[in-house]
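Structure record follows, encoded as structure tokens.
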Amino acid sequence: MRPSVDSGRWPAKAFETEVINFSAKVFREGHDSLGAELVLVSPSKKTSRHRLVSGAPGSDQWQTSVQLSELGTHRFSIEAFADDFDTWHHNATVKIAVGVDEKLMMLEGIALLNRAKLEKGRGKSGLALIESVIAILADETKSAAARLAEVETAAVLDYFWNNPVKSLVTESEQLEINCERKLAGAGAWYEFFPRSEGAKFDEKKQSWISGTFKSATKRLAAVADMGFNVLYLPPIHPIGESFRKGPNNTLNAGPQDPGSPWAIGSSAGGHDEIHPDLGTVEDFEKFVKAAKKVGLEIAMDFALQASPDHPWVKEHPAWFTTRADGSIAYAENPPKKYQDIYPINFDNDPAGIYQEALRIIRFWIDKGVKIFRVDNPHTKPVNFWEWLIAEVNAENPEVIFLAEAFTKPAMMHALGKAGFQQSYTYYTWRNTKHELESYLTELARESADFFRPNLWVSTPDILTPYLQFGGPAAHKIRAAIAATAAPSWGMYAGYELVESVARPGAEEHIDSEKFEYKPRNWAAADKSGRSITGYIKRLNQIRAAHPSLQQLRNIEFHHTDDSAIIAYSKYLAAEHNPDGKADAILVVANVDPHAVRETMVHLDLTKLGLPVDSQFDVTDLLTGEKYRWSTHNYVRLDAFANPAHIFHIGKAH
């Protein structure tokens, strides 16, 4: 059965408006007709039934798609049965066609329908239809073939499809699927450092003046205008002085170096305080409200670690690891060293750490925060996250946790199963056509029941060679695919300005904003011609306008003759679209940022909801250009001009 996570050990994941594919292996002895239904019980205890249809021939896989809308835990099972009406209809069709057992087939049909009349839940209209069919079958003034033809109307066949006559009923075990709010699965994220927004260098004093929540508020409208709906902030707490890092993660910090926000804690307080340079807790609450007014939710960083100056170090020394020489172990990710950060040791006082973490989360929930981006969750026990997220969501089911876990697949998957609503992914390092097709298929098929991907194109820590050397074309390509291949994507400030200079020998930005102020002249950058702000805005407009792009599991790949041109589609059936129309998007992208590529694109039109071998209209939503396409189509994509088509599929001809 699917969706099922470790045989029901964990609930499967869904989000509001997501279309879920339910399926099961269903089989029986003999040749009589088989039927199957999904029995779905909503959080409000309403039961609905949905017929399953047979999948690939010979696979015994039966399936149906249901769009979930009610928030909370749904319970479902699969009911299999002998479909007695369909068996009778098949036998009658075959025998009457050759003149065998004609009278017997009429009698057996009448007997079957008389049994159906006794079943509960048929209702007046159902009973009336059954009586009319009995009358038809009993009318001996007409031939058996004529009577059968009268029965084979759409009204009769649809009724018995939706209200089957069952026997030999078996029911599976009951499984769970948790439906969360839409932003848990579909959203556009943006990251900036509040201290950089409005930061100024005082030439007279030769010192920096930090940006504040008040100055950062001025940037909110621009972020919202680009179409983002979540604004993620790196840690906003007091920063330690001990072992403070200077520019580019050096150990020689000067008096004006602000330090890494992830080195949390000083004499000004810890995780429940605001850095004094940014303002007060009240200023932060006003910032959250200002963001909400322009359609942005604030995501706060939750980093369970401490600087050497954090109050925890004195108050709870057991929460850290003491090495053989008596010193406290600092964080390391060889060859990187973080002398300014002490990791938490969960072995010594787990109860105390658990309760403190829960207290901190609830403190910020009370200040208006409903989303937490969790730093390095894979370095903490999985059972801790299972407990914490369950405790928080039991009281605040709207709260979302994003796992920043670039680690081995098993751990990333375990965190998703334990409750994390979203996770960072390997998308950052999947750049070729083959890599993308393989990885995106995995995300949409193999792990979709428990692992929700958020495709970040950049972070303060990561600047891949693809972006370092690909220029604006690479930035457009990565954004176009991230924004359309999955329902959630994200970017770090400066991406729209094509900031791509790396620190020598590293996959990260030179003069990293993690360790210094980085004010940007946004107005001047937009006038420079290098900015791709308009392109990013258009991508988010397309996402918002097309619900097929707000789904995870519906991606389908199409063949192209060129190894650098990828083609995929996303289709949403009319019954799952609020406007009652099918929505189909086709993306064709050149993943080579250094060249013009030409190819033939070969489409499986059934994946686009179109008749085989039909011609149809397409509109490029990026340029407005219109074409007439068919199964086989020529494409030329200039990476330097327009590296991707995002087509809306129009009517067939």
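Remember, our numbering sits 84 above the position in the sequence shown when you count from 1.
All residues carry an ideal CB built from backbone N, CA and C; glycine is no exception.
DSSP places Tyr-711 in the uninterrupted beta strand (DSSP E) bounded by 710 to 713. Leu-670 sits close to Phe-731, with the two beta carbons spaced by under 7 Å. Under a 10 Å Cβ-count criterion, Gly-503 is classified as buried, with 16 or more other Cβ atoms of the shown protein chains found around its own Cβ. For Lys-289, the secondary structure class from DSSP, reduced to helix, strand or coil, is coil. For Asp-167, DSSP records a beta bridge to Lys-250.
Secondary structure note for Lys-735: its beta strand (DSSP E) is the uninterrupted segment 728 to 736. For Ile-220, no pairing in a beta bridge is given by DSSP. Under the DSSP assignment, Val-476 falls in the alpha helix (DSSP H) whose first and last residues are 466 to 479. Spatial neighbours of Thr-548 in its own chain (CB-CB distance under 8 Å, excluding positions within 5 residues in sequence) are listed in chain order as Thr-512, Trp-513, Asn-515 and Glu-591.
Linking Asn-417 to Arg-681 through their CA atoms gives a straight-line distance of about 40 Å.
The secondary-structure analysis by DSSP pairs Ala-270 with nothing; it has no beta-bridge partner. When rounded, the separation of the alpha-carbon atoms in Trp-540 and Ser-507 is 10 Å.
The beta carbon of Val-672 lies closer than 8 Å to those of Thr-644, Ile-649, Ile-650, Ala-651, Val-685, Val-719, Leu-721, Ala-728, His-729 and Phe-731 in the same chain, with the five residues before and after it left out.
Across the structure, Gly-295 and Glu-281 are spaced so that their CA atoms are roughly 5 Å apart. Inclusion of Ala-272 and Gly-311 in the CB contact set at 7 Å is warranted, their separation being smaller than that value. Taken atom to atom, the span from the alpha-carbon of Asn-246 to that of Tyr-510 is near 43 Å. Counted as a single uninterrupted DSSP element, the beta strand (DSSP E) harbouring His-686 occupies residues 680 to 686.
Closest in C-alpha terms to Ala-228, from the list Glu-260, Lys-266 and Ile-180, comes Ile-180. Comparing alpha carbon positions, the residue from Val-123, Ala-306, Ile-445 and Phe-169 closest to Glu-479 is Ile-445. The three-state secondary structure of Arg-133, taken from DSSP, is strand.
Here the segment 258 to 265 does not lie against the segment 560 to 575, with fewer than 3 beta-carbon pairs under 8 Å apart. If you draw a 10 Å sphere on the C-beta of Thr-334, you find fewer than 16 other C-beta atoms in it, and that means exposed. The closest CA to that of Glu-215, considering only Phe-386, Ala-233 and Gly-193, is found on Gly-193. Here Gly-500 is buried, its C-beta having at least 16 other C-beta atoms within 10 Å. Taking 4 residues as the minimum length, the alpha helix (DSSP H) runs contained wholly in the segment 278 to 353 are 297 to 300 and 304 to 309, in order along the chain. Closest in alpha carbon position to Lys-329, among Ser-596, Val-240 and Phe-700, is Ser-596. Contact annotation: the segment 447 to 457 does not touch the segment 346 to 354, with fewer than three C-beta pairs closer than 8 Å.
Ile-649 has Asn-674 as its beta-bridge partners, per DSSP. Ala-212 has its alpha-carbon roughly 22 Å from the corresponding atom of Thr-171. Taking a cut-off of 8 Å on C-beta distances, the segment 609 to 620 does not touch the segment 352 to 361, as fewer than three cross pairs fall below it. In the structure shown, Thr-225 falls within a coil segment according to DSSP collapsed to helix, strand and coil. Here DSSP, grouped into helix, strand and coil, assigns Val-696 to coil. Here Ser-647 has Lys-517 as same chain residues with Cβ atoms under 7 Å from its own Cβ, once five neighbours each way along the sequence are excluded. Under the three-pair Cβ rule at 8 Å, the segment 376 to 385 counts as touching the segment 313 to 324. Closest by C-alpha distance to Phe-599, out of Gln-635, Asn-460 and Ser-344, is Ser-344.
Cβ contact annotation for Glu-640 (same chain, cutoff 6 Å, sequence separation greater than five): Ser-653 and Lys-691, in chain order.
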